[in-house]
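This report refers to the structure that appears directly beneath it.
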Amino acid sequence: MNSDLTPAIGRRLREMRKMRGLSLREQASLLQVSPSTLSELERGIAGISLQRLQSVAKSLGMSVSDLLTNEEAPSVEARPLEISQPADLGATSIRRGRGVHYTLVGSHGEHSLQPYRIMFDAGAGYTDDPIAHPGEEFVYVLFGDVYLHLGAQQHLLTTGSCARFDSGVPHAFSNASHSDVAGLIGAGTPPW
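Under the working numbering, the first residue of the sequence shown carries the number 12, and numbering increases by one thereafter.
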């Protein structure tokens, strides 16, 4: 195992043990190692085989990559509760093709997510004008059938379906029906 990772894995093991409220002896028993071996692992003194790492990760309910990550979890800035009523929103409409009613909802300040609503007339869409922006996006189909055009692929989403995707890939939506209206709600990482 890479010696640069050994201390990081050890810290991660200790964090997970403490989060679960387990003593060194209890965790060692669960992992089927001696308490002194676990102590050495946690302090980054002893290395660990890949096979042992896999069993440790499994016993902790984690993936090996979770144990190997050297990154701290991103900090999330606490923000006050924000409730927006329809009359307060001053909704922003975005033009995207004919028969597409694309509205940004919620306040438009500095946020991690920008919610939106899209209503489609029968057969409407904006496949000629796909968008791409850093981050990710989530959509939920309220009613009707909607195509998600993601890169070169087309995915049919029906009422109640949801999709999460990398918004850096060019994407667009269209109504799959030429006779019925469709609608979806979503949230994406701004700016866009």
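C-beta: ideal position from N, C-alpha, C; glycine also.
Computed from a predicted model, the values in this text were never measured in an experiment.
Confirm, please, whether the CB-CB distance from ALA135 to VAL116 is below 8 Å.
Cβ distance not < 8 Å, so VAL116 and ALA135 don't count as in contact.
Can you give me the C-alpha to C-alpha distance between ALA84 and SER190, rounded to a whole angstrom?
In this prediction, ALA84 has a pLDDT of 49, which is less than 50 and means its spatial position is unreliable; what the coordinates show is noted afterwards. Whole-angstrom Cα-Cα distance: 47 Å.
7 Å Cβ shell around GLY146 - same chain, five flanking residues per side excluded
Result list for GLY146: SER178, GLY199 and THR200, in chain order.
On the three-state DSSP scale, how would you describe ARG28?
Correct three-state label for ARG28: helix.
Which residues share a DSSP beta bridge with VAL150?
As a beta-bridge residue in DSSP terms, VAL150 pairs with ALA174 and GLY197.
Limits of the unbroken beta strand (DSSP E) element including LEU168:
164 to 168
Among the residues of its own chain, which have a CB less than 6 Å from the CB of ALA163, if the five just before and after it don't count?
none
Residue(s) in a DSSP beta bridge with ILE142
HIS182
Could you say which of LEU159, LEU195, GLU148 and PHE176 lies nearest to THR170 if we only look at CA atoms?
LEU195
Of the residues PHE184, TYR137 and ARG31, the one placed nearest GLU148, counting alpha carbons only:
PHE184
Spell out the partners DSSP gives LEU159 in its beta bridges.
HIS166 and PHE184
Is ARG36 buried or exposed, if buried means 16 or more other CB atoms sit within 10 Å of its CB?
exposed
TYR127 and THR114: beta carbons closer than 8 Å?
yes
Taking only three categories from DSSP, how would you classify GLY21?
helix
How far does the alpha helix (DSSP H) with LEU52 in it extend, from its first residue to its last?
46 to 53
Verify whether the separation of the beta carbon atoms of ARG109 and ASP140 is less than 8 Å.
no
In the DSSP assignment, find the alpha helix (DSSP H) that holds GLU37 and state where it starts and stops.
Looking at the DSSP string, the run of the alpha helix (DSSP H) that includes GLU37 is 35 to 42.
Between the alpha carbons of LEU52 and VAL192, how many angstroms are there, rounded?
Rounded to whole angstroms, LEU52 to VAL192 spans 59 Å at the Cα level.
Rank SER188, LEU92 and VAL67 by C-alpha distance to the C-alpha of LEU41 and give the top, closest one.
VAL67
Per DSSP, the bridge partner or partners of GLY136
Beta-bridge annotation (DSSP): GLY136 is paired with SER185.
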